[in-house]
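Data first, discussion second: the structure below is written as structure tokens.
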Amino acid sequence: MSAPTTERSAATSHSPGGGELTRTGLLARFVVRRDRIRLLIWIAVLVMLPVATASAYESLYPTPAERAGLDAQFGATKALGMVTGPAENLGTAGGFVAWRLSATLAAIIGLMAIFHVVRHTRTEEETGHAELTYPTAIGRYAPLASAVLTSAIASLVIGILIATTLIGPTGDTAGSIAFGLTTAAAGIFFACLAALTAQLAASTRAALGLACAVLGVSFILRGISDSSDIAWPKWLSPIGWAQLVEPYGDRRWWVIALQIVAALALLGAAVAMRNRRDVGSGRIEPSPGPADAGPRLRSMWALAARLHRPSLIGWGVGVLIAGLLFGSLVNAVSNIAGTSPEIVVILEQLGGAKGITAAFIGMTTQLVAMIVGLYVVSTILTLRTDETSGRAELLLGTPATRMSWFASHLGFAVAGSLILLLIFGGGLTLSSLIAGTELSGGVVLGSALVQLPAVLILAGVVAVVVGWIPSASGLGWAAGGLALAIGLFGPVLDLPTAVLRLSPYYSVPKVTESGTDWAPIVIQLAIAAALLVIAAVGMRRRNIPT
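Residue numbering for the sequence shown follows this note's numbering, starting at 4 and increasing by one per position.
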């Protein structure tokens, strides 16, 4: 890749009219065409979730008498607010959906916006594609504007569809519109945040890390506020703002305006940063490394560990927080289940009929395992990033073999997933002990370990894509997203068993005090091993582009 294009050379390559936004529309159409499948998947998931929740509410609480006591039932346990929010207006389907999903939807649409904007800004510069774009007749801000514009349009489409689909189940038109708008505004905010971090950071990983860190802190601040009597942290949280709108309650429309004003402020800062840096560089430059590798960095495995360690640490902190959070809810779930036979049935279906606690552990561990699967996808697809950026060519020009390069990233992905599952189990156990509930160590450890074969199958699928059809690496994300979507929505939507089996997590056996069924584990391990062998054969046979 050539040296970063300077601002002077970029500026002189604009269209004759000199417009800073020249051909933004053309680039936006190209972005949509390039990412149409990704965007459609995000849109489908984000729209299906509130509809499925409203449907579940109608089936779980069909009578007014059952709905009347929900505020008191769920509001009695403050710790539950860390996951959902304050239990208010639960006597209506709209209030229940907002309570259950306001924070979740804001976080998910935020991730969509962050990934989209960073992909079409910082990643384009990191891979050298931007150097091919700037010499053409486009405006200086056109790439940044097209990324933010397409993300904002996708967010608005999601908001409109959510509002439209919820009007019927909730019977509240104004509330549904407010709910859709605040969800869209959250997406726009995080798109503008990602635009700023893409200017600050000098790499895709750093830009994603900064933006996702802000999102994570926002979720934690909101959770602290909702699980305590302290109100002010929520006002510092962009995710908390989505709840403060109270779409099916007081309807604070001005909070939506606050979301948009904050987003525009971030976008203005991003534009200012763009004027103060060279193409390919960032305002925060990494420190140069030593001229020679140390003794701990002289193998492909050591290099993979060095590259993936920051990501693993970040994921580890996230799953530890999740474990501490869910562990603090064990008592609350038991108390709520004691007053709701419907919840008992759901938990027993998910975790087995041997006890509510074991069911809750199984359910939460599987949820985290599905999310850990996305870490595995990201880690393995680093192989493809190395190829497209030219780093693989440099690495394979050394005595290192392509199989050691392939195996090192794959091995770290598998080892990292195991570490993350164990960290979650440790956090779950520790938090429950602090809360006064002693969990069975065997059930917690077993619930974590039985998820590993399913994660290995996902790793095998992604490895096969990289080994045989690397140009279609997006299929790896599709596989991870499909498994997560089926796990989240499959039971709620009552999908056919044949569809549910498309997710490897569906066949994970339940763990109870009396043990587990080993047959599915053995079968899944055999499938994973076969996929990894097929992937290795493909990697050995195909060409590495130079």
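All C-beta atoms, glycine included, are put in the ideal place defined by N, C-alpha and C.
Computed from a predicted model, the values in this text were never measured in an experiment.
Check: residue i C-beta below 7 Å from any heavy atom of the ligand NAP
i, result
"GLY219", "The ligand NAP is not among the ligands present in this structure, which contains no ligands whatsoever."
When the options are compared against residue i, the one with the closest alpha-carbon
i, options, result
"ALA361", "ARG277, GLY330, ARG545 and TRP256", "GLY330"
"LEU534", "GLY470, ASP497, SER450 and GLY131", "GLY470"
"ARG37", "ALA150, VAL54, ASP74 and SER158", "ALA150"
"ALA31", "ASP74, LEU147 and LEU487", "LEU147"
"MET85", "LEU327, SER381 and TRP318", "LEU327"
"GLY541", "LEU478, PRO473 and GLY429", "PRO473"
"ARG312", "ALA466, SER434, LEU423 and PHE492", "LEU423"
"THR27", "THR153, ALA466, ALA96 and ARG125", "THR153"
"ALA189", "PRO241, GLY226 and SER206", "PRO241"
"VAL48", "ALA532, VAL511, GLY484 and TYR64", "GLY484"
"ALA90", "LEU397, SER230 and VAL467", "SER230"
"PRO402", "SER302, THR207 and VAL217", "SER302"
"LEU550", "ALA234, ILE191 and PRO236", "The structure shown does not extend to residue 550, since the chain is modelled only from 4 to 549, so the question has no answer here."
"GLN527", "TRP304, TRP102, ALA96 and TYR509", "TYR509"
"ALA522", "GLY445, GLU516, VAL511 and ALA532", "VAL511"
"ALA96", "PRO65, LEU398, LEU386 and THR107", "PRO65"
"THR3", "ARG394, PHE492 and SER411", "In the structure displayed, the chain extends from 4 to 549; residue 3 sits before or after that span and is not available."
"GLU23", "GLY376, ASN278 and GLY365", "ASN278"
"GLY226", "ALA275, HIS123 and ARG103", "ARG103"
Residue range of the unbroken alpha helix (DSSP H) whose run includes residue i
i, result
"ASP38", "27-63"
"ALA205", "Taken as a continuous stretch (DSSP letters only), ALA205 belongs to no alpha helix (DSSP H), as it is neither H nor E."
"SER105", "96-122"
"GLU1", "Since the displayed the chain opens at 4 and closes at 549, residue 1 lies outside it and no answer follows."
"GLY271", "256-277"
"ALA71", "67-71"
"ALA395", "394-398"
"PRO552", "With the chain covering 4 to 549 only, the question about residue 552 has no answer from this structure."
"THR126", "125-129"
Backbone secondary structure at residue i - three-state DSSP
i, result
"GLY470", "helix"
"THR404", "coil"
"GLY430", "helix"
"THR87", "coil"
"GLY518", "strand"
"ASP497", "coil"
"GLY355", "Since pLDDT at GLY355 reaches only 48, below the 50 mark, its modelled position is unreliable, and the value read off the structure follows with that caveat. Of the three classes helix, strand and coil, the one that applies to GLY355 here is coil, per DSSP."
"TYR251", "coil"
"ARG143", "coil"
"THR368", "helix"
"VAL322", "helix"
"ASN92", "coil"
"GLY22", "coil"
"LYS513", "coil"
"SER240", "coil"
"ASP229", "helix"
"ARG309", "helix"
"ASP175", "coil"
"SER331", "helix"
"LEU452", "helix"
"ARG545", "coil"
"SER476", "coil"
"THR382", "helix"
"SER302", "coil"
Beta carbon of residue i nearer than 8 Å to that of residue j
i, j, result
"ILE489", "LEU505", "yes"
"ALA413", "ILE383", "Contrary to the premise, residue 413 reads as Leu rather than Ala in this sequence. Against a cut-off of 8 Å, the Cβ pair of ILE383 and LEU413 comes out as a contact."
"ALA462", "VAL371", "no"
"LEU224", "GLY212", "no"
"ALA273", "VAL121", "no"
"PRO172", "ALA59", "no"
"ALA181", "PRO236", "no"
"LEU448", "GLY419", "no"
"ILE426", "VAL322", "yes"
"SER169", "VAL100", "Note that residue 169 is Leu in the sequence shown, not Ser. Yes, they are a contact pair."
"ALA451", "THR368", "yes"
"THR515", "VAL468", "no"
"VAL50", "LEU164", "yes"
"LEU487", "MET366", "no"
Below-8 Å beta-carbon distance, residue i vs any chain B residue
i, result
"PHE192", "Among the protein chains of the structure shown there is no chain B, as only one such chain exists."
Contacts around residue i, its chain only, beta-carbon distance under 8 Å, and the 5 residues preceding and following it disregarded
i, result
"LEU267", "CYS195"
"GLY94", "PRO67, ARG70, ALA71, LEU73 and ASP74"
"VAL258", "THR185, TRP244, LEU247 and VAL248"
"GLY493", "VAL502, LEU503, SER506 and TYR509"
Cβ-based neighbour list, residue i, same chain, cut-off 6 Å, excluding 5 preceding and 5 following
i, result
"GLY162", "GLY183, LEU184, THR186 and ALA187"
"SER221", "SER240, PRO241 and ILE242"
"ALA539", "none"
"PHE409", "MET542"
"GLY178", "GLY97, PRO250 and TYR251"
Own chain partners of residue i with C-beta closer than 7 Å, once the 5 adjacent residues on each side are dropped
i, result
"SER105", "GLY88, ALA245 and GLN246"
"GLY317", "GLY212"
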